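Going by UniProt numbering, 115 is the number at position 115 of the sequence shown; the sequence numbering is gapless.
From the three backbone atoms N, C-alpha and C, an ideal C-beta is built for every residue, glycine too.
Because the structure is a prediction, the values reported are computed rather than measured.
Heads up, the thing below is written out as structure tokens.
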Amino acid sequence: MVLACFSAVFHCAKAVTMTVLAAFIVSLSLVAEIYHRDGDVVLAGCQLAALVALGCGAPLALGVMLRLMATDIVHSDLDPLTDLLNRRGFHRYSRRRLEEAGKHLNGYFVVTMVDLDDFKSVNDNHGHAAGDRALVDVGQALRRCAGNDIIAARSGGEEFLLAEVSHSPESALASSIRAAVSDTPHGLTASIGVASMPLAALDGQDRGQLIDALVAKADSAMYVAKAAGGDIVMNFDEAAHRR
1 MVLACFSAVF
11 HCAKAVTMTV
21 LAAFIVSLSL
31 VAEIYHRDGD
41 VVLAGCQLAA
51 LVALGCGAPL
61 ALGVMLRLMA
71 TDIVHSDLDP
81 LTDLLNRRGF
91 HRYSRRRLEE
101 AGKHLNGYFV
111 VTMVDLDDFK
121 SVNDNHGHAA
131 GDRALVDVGQ
141 ALRRCAGNDI
151 IAARSGGEEF
161 LLAEVSHSPE
171 SALASSIRAA
181 VSDTPHGLTA
191 SIGVASMPLA
201 ALDGQDRGQL
211 IDALVAKADS
221 AMYVAKAAGG
231 DIVMNFDEAA
241 HRR
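Given below as structure tokens:
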């Protein structure tokens with residue numbers, strides 16, 4: 001049973017099936033021996049049922065439970081409306097990306113904060129269903145801009161976060177996002193803040209704290225962009241000079 005449970009946890013379905021089949025065959029052999037020795041059909045049947053439950057049922061149930069738990073973990077990182085990552089997922093994947101990027105000290109880790117301008121008017125004038133539709137469309141636009149290499153998340157409300165490893169602290173992604181939001185059929189624009197740090201600064205630093213610091217800087221730059229009228233991209237360093 002221990003071997004079968006080990007297979008259920010660490011191996012593929014084929015390995016689990018073969019292990020369970022082997023356990024069933026062993027169980028039949030043991031039961032046949034009991035019947036040959038005692039001649040008691042009822043006892044042999046009970047022994048078979050118990051052995052099958054332990055040798056086959058337990059690992060299968062464990063495998064199903066672990067896969068359901070893995071599915072729950074994946075979905076706990078997703079925003080249910082846009083199907084982008086949520087803030088928790090953003091931090092999880094950003095930490096992973098920083099761990100991978102830490103092996104290569106060339107380039108920058110760039111965080112982009114996107115806030116939809118005057119989004120409240122969409123809800124007020126057209127209803128919350130229209131607001132949700134607009135958020136879904138913006139999420140799809142961000143996903144197209146981000147592709148497979150950039151982390152994209154809805155951080156809450158009408159705010160979105162993106163993270164990438166780039167050769168430049170000036171992310172070209174932000175301008176693409178600004179244009180993509182404007183192209184959605186809702187008359188929306190976005191205020192966008194960008195913050196970055198060189199990957200060389202990762203050495204010995206807490207990844208979670210670095211991500212939080214970059215998000216705070218991008219958020220600060222975004223508010224400067226919004227105060228300037230919105231529909232613009234603002235880098236944190238440029239925003240600092242405008243204050």
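Cβ shell of residue i (< 8 Å), same chain only, five flanking positions each side left out
| i | result |
| --- | --- |
| A218 | V111, T112, M113, L161, G193, V194, A195 and F236 |
| D132 | L81 |
| D231 | D117, R178, S182, T189, A190 and S191 |
| R143 | L84 and A152 |
Whole-number beta carbon distance between residue j and residue i, since they are thought to touch under 8 Å
| i | j | result |
| --- | --- | --- |
| A174 | F109 | The pair is not a contact, with the Cβ atoms about 15 Å apart (cut-off 8 Å). |
| I151 | F90 | 6 Å |
| R95 | G204 | Not really, about 15 Å apart at Cβ, beyond 8 Å. |
| A153 | N106 | Going by Cβ atoms, the distance from A153 to N106 rounds to 25 Å, so no, they are not a contact pair. |
| E180 | A141 | A quick correction: the sequence has Ala, not Glu, at residue 180. Going by Cβ atoms, the distance from A180 to A141 rounds to 4 Å, so yes, they are a contact pair. |
| A225 | M234 | 4 Å |
Cα-Cα separation, residue i to residue j
| i | j | result |
| --- | --- | --- |
| R242 | D183 | 28 Å |
| L84 | D118 | 22 Å |
| A227 | E238 | 14 Å |
| S168 | S76 | 32 Å |
| N123 | G156 | 15 Å |
| R97 | D79 | 20 Å |
| I177 | T189 | 10 Å |
| H128 | M222 | 24 Å |
| Y93 | E100 | 11 Å |
| S171 | R88 | 23 Å |
| L214 | N125 | 35 Å |
| A130 | K120 | 11 Å |
| G229 | S220 | 15 Å |
| I211 | N148 | 20 Å |
Same chain, Cβ closer than 6 Å to residue i, five either side skipped, listed in chain order
| i | result |
| --- | --- |
| E159 | D115 |
| P198 | Y108 |
| G139 | T82 and L84 |
| A216 | none |
| D206 | none |
Close-in-space but distant-in-sequence residues of the same chain around residue i (CB under 7 Å, 5 per side omitted)
| i | result |
| --- | --- |
| H186 | V122, A134 and D137 |
| A146 | A152 and L162 |
| S166 | G107, Y108 and V110 |
Residue i: CB within 8 Å of a non-hydrogen atom of the ligand ATP
| i | result |
| --- | --- |
| L173 | As presented, the structure is devoid of all ligands, the ligand ATP included, so that no description of it is given. |
Ordered list of alpha helix (DSSP H) runs contained in the UniProt domain "GGDEF" (107–238), each at least 4 residues: 120–126, 128–146, 172–183 and 207–227
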